[in-house]
Amino acid sequence: RRRSYNHDFFWVEMAPKGKTGKPSDDLAAAIDKAFGSMDGLKEQWGAAAAPAARFGSGWVWLVVDDAKDLKITSTPNQDNPLMDGAEGTAGIPVLGIDVWEHAYYLKYQNRRPEYVSAWWDVVNWDQVSSWYADALEGKAPQF
Amino acid sequence: TAGRRREHDLLFSIIMPAAAIRIAATTTRKTVATAAARSKFTLPDLPYDYGALEPVISGQIMELHHSKHHNTYVTNLNAATDKLASATSAEDVTTIVATQGAIKFNGGGHLNHSIFWKNLCPPKDYAPPDGDLKAAIDAQFGSLDAMQTKLSAMTVAVQGSGWGWLGYDKAAGTLKLATCANQDPLEATTGLVPLFGIDVWEHAYYLDYKNVRPDYVKAIWKIANWADVAARFQAAKK
Numbered sequence: 001r002r003r004s005y006n007h008d009f010f011w012v013e014m015a016p017k018g019k020t021g022k023p024s025d026d027l028a029a030a031i032d033k034a035f036g037s038m039d040g041l042k043e044q045w046g047a048a049a050a051p052a053a054r055f056g057s058g059w060v061w062l063v064v065d066d067a068k069d070l071k072i073t074s075t076p077n078q079d080n081p082l083m084d085g086a087e088g089t090a091g092i093p094v095l096g097i098d099v100w101e102h103a104y105y106l107k108y109q110n111r112r113p114e115y116v117s118a119w120w121d122v123v124n125w126d127q128v129s130s131w132y133a134d135a136l137e138g139k140a141p142q143f
Numbered sequence: 001t002a003g004r005r006r007e008h009d010l011l012f013s014i015i016m017p018a019a020a021i022r023i024a025a026t027t028t029r030k031t032v033a034t035a036a037a038r039s040k041f042t043l044p045d046l047p048y049d050y051g052a053l054e055p056v057i058s059g060q061i062m063e064l065h066h067s068k069h070h071n072t073y074v075t076n077l078n079a080a081t082d083k084l085a086s087a088t089s090a091e092d093v094t095t096i097v098a099t100q101g102a103i104k105f106n107g108g109g110h111l112n113h114s115i116f117w118k119n120l121c122p123p124k125d126y127a128p129p130d131g132d133l134k135a136a137i138d139a140q141f142g143s144l145d146a147m148q149t150k151l152s153a154m155t156v157a158v159q160g161s162g163w164g165w166l167g168y169d170k171a172a173g174t175l176k177l178a179t180c181a182n183q184d185p186l187e188a189t190t191g192l193v194p195l196f197g198i199d200v201w202e203h204a205y206y207l208d209y210k211n212v213r214p215d216y217v218k219a220i221w222k223i224a225n226w227a228d229v230a231a232r233f234q235a236a237k238k
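First to last, the sequence lines map onto chains B and G. Heads up: the first sequence at position 91 corresponds to 91 in my numbering, and the numbers run straight through without jumps. Heads up: the second sequence at position 173 corresponds to 173 in my numbering, and the numbers run straight through without jumps.
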């Protein structure tokens, strides 16, 4: 639960465009079950990451909850869903996006939705799939 | 639309007196209610050009901060208050409650930024506090420098997004320092009257100072508009 956990997670879950792999069959199936499709995930993710949904600084997460289902949740400042008493849904994070202004301001200025859309191009699906498999066994990403 | 309704009422009342009086009365009540529901908050103009606060805050930041960030708070505040008015008319308590977050956030954002633009002045126009305000600062904090050092430290330490404030405690009759998270407005949150605010949302400084928030907070004192702060202080003391 160190302060740096979120950023350790963030660097590792991303990869350069073209080196991002793809979701495992299990993860793809779970996404379809929870959100209808990958597009469904992206739409709900975008809504959760919008300035009107997460006021101020924070993160949006995809977690594996106690029932082993995928859920989207968000936390303020540098909290994450592994912390006791954190806002939103508790669970093991397998995907997360930093929506602090410092994460996008130099390139996107106030245009957070544009950053959130573009960010999908650098998600390291191989890593996320591996974390998903671990999460089903109750193991959280470790750094 | 309210104007058109009134014209329509007038026409009707000339052509169809008796019936028109009843229709006009109902429409006028609705017009008044609608006018109240559609109260429009507007983006205030800056008292100076976008580039006027350089080199402390760049024109690029000022333009984004004012025309995008503050403007969005105004737009969203109007939308949220309209939604609240409709929900109140419909006695839809679920929506009334659900709207509170957006009203606090966008209302706070509009209040805070409206104060902020006036709190700042071009560096060439800087003058330190004098008179009653200087006396109050010295009495409460020892000196202007001591107050600035203390408020700077508190403001830099804000976790995430928020504001640092020099405020006035009406009950105690003293100046006080405070910080608020996100766009929580000082007076509604703490009861203190806002005198001078420092925005430490990253959008307020990132393009110029990157992550070095302490440098921004230190520099902002060079563009503090103490005349504006003094005017607020006088008004608060009444």
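Note that CB positions come from ideal geometry on N, CA and C, so glycine has one too.
Using a Cβ-Cβ cut-off of 8 Å, glutamate 202 (chain G) counts as an interface residue toward chain B, since at least one Cβ of chain B sits closer than that to its own.
Beyond the five residues adjoining it in sequence on each side, lysine 170 (chain G) comes within less than 7 Å, by CB distance, of Val193, Ala236 in the same chain, given in chain order. Contact note: serine 57 (chain B) reaches chain G through Gly160, Ser161, using a C-beta cutoff of 7 Å and chain order. In the structure shown, leucine 120 (chain G) adopts extended strand secondary structure according to DSSP, grouped into three states.
The beta-carbon separation of aspartate 208 (chain G) and isoleucine 61 (chain G), rounded to 6 Å, stays under the 8 Å limit for a contact. DSSP places alanine 34 (chain B) inside the alpha helix (DSSP H), whose first and last residues are 25-35.
In this structure, leucine 195 (chain G) lies away from leucine 151 (chain G), with their beta-carbon atoms at least 8 Å apart.
Ranking G:Trp221, G:Gly173, G:Arg213 by CA distance to the CA of lysine 238 (chain G) puts G:Gly173 first. Judged by DSSP in its simplified three-state form, methionine 62 (chain G) adopts helix. Close to histidine 69 (chain G), with beta-carbon spacing below 8 Å, are these residues of chain B in chain order: Asn110. Taking all protein chains shown into account, threonine 42 (chain G) has fewer than 16 neighbouring C-beta atoms within 10 Å of its C-beta and is therefore exposed. The beta carbon of proline 93 (chain B) does not come within 8 Å of any beta carbon belonging to chain G, so the residue lies off that interface. By the CB criterion at 8 Å, threonine 179 (chain G) and glycine 164 (chain G) fall inside the cutoff. When secondary structure is reduced to three states using DSSP, valine 200 (chain G) falls in the coil class, being assigned neither helix nor strand. The straight-line gap separating the alpha-carbon atoms of arginine 112 (chain B) and alanine 227 (chain G) is approximately 36 Å. Contact check for glycine 40 (chain B) against valine 116 (chain B) fails: the beta carbons are separated by 8 Å or more. Beyond the five residues adjoining it in sequence on each side, valine 156 (chain G) comes within less than 6 Å, by CB distance, of Arg213, Pro214, Val217 in the same chain, given in chain order.
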